[in-house]
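A.B. asks: Each number in the working numbering corresponds to the 1-based position in the sequence shown with 486 added.
Cβ atoms here follow ideal geometry from the backbone N, Cα and C, with glycine treated the same way.
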Amino acid sequence: MDNIFGFSPADLGVSGLLVLVVLLILTGRLVPRSTLVDMREERDTWRAAHSESEAARQAEREQVTELLELSRTAGHVLTALPKAREVSASADLVEANDREG
Numbered sequence: 487m488d489n490i491f492g493f494s495p496a497d498l499g500v501s502g503l504l505v506l507v508v509l510l511i512l513t514g515r516l517v518p519r520s521t522l523v524d525m526r527e528e529r530d531t532w533r534a535a536h537s538e539s540e541a542a543r544q545a546e547r548e549q550v551t552e553l554l555e556l557s558r559t560a561g562h563v564l565t566a567l568p569k570a571r572e573v574s575a576s577a578d579l580v581e582a583n584d585r586e587g
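(1) If you follow the alpha helix (DSSP H) that V508 is in, where does it begin and where does it stop?
(2) Quick check on DSSP: helix, strand or coil for V523?
(3) From S501 to A535, what distance separates their C-alpha atoms?
(4) Going straight from the alpha carbon of E538 to that of G561, what length do you get?
(5) Nearest-angstrom Cα distance between R519 and N489?
(6) If we ignore side chains and look at the alpha-carbon of each, how far apart do R547 and R585 end up?
(7) Using three-state DSSP, classify V563 as helix, strand or coil.
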């Protein structure tokens with residue numbers, strides 16, 4: 487700590503050091519240990535919540551991907567069904583015509 491607010495600690499007297507401590511507290515550079523511990527606990531809580539949230543988002547992404555694949559498959563099946571019915575209807579007509587003729 488060569489310079490603090492432009493002053494060397496050796497140049498300051500007792501009252502100067504007191505003013506320096508007050509300035510450090512007011513500017514937020516010096517905080518009580520209880521405040522520091524509380525801030526660290528809060529940070530850890532938020533970090534854990536973030537990790538849990540990201541894990542849930544990843545699971546959601548995987549589910550959405552699987553559902554999209556299933557919907558694509560179902561779409562292909564549904565588009566193929568009318569063609570199959572048309573083919574069997576055509577076969578029924580051919581059989582009916584053969585019986586008549």
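C.D. replies: Looking at the atomic coordinates:
(1) Per DSSP, V508 belongs to the alpha helix (DSSP H) from 500 to 513.
(2) helix
(3) 46 Å
(4) In a straight line, the C-alpha of E538 is about 34 Å away from that of G561.
(5) Their Cα atoms are separated by approximately 24 Å.
(6) 57 Å
(7) In the three-state DSSP reduction, V563 falls in the helix class (H, G or I).
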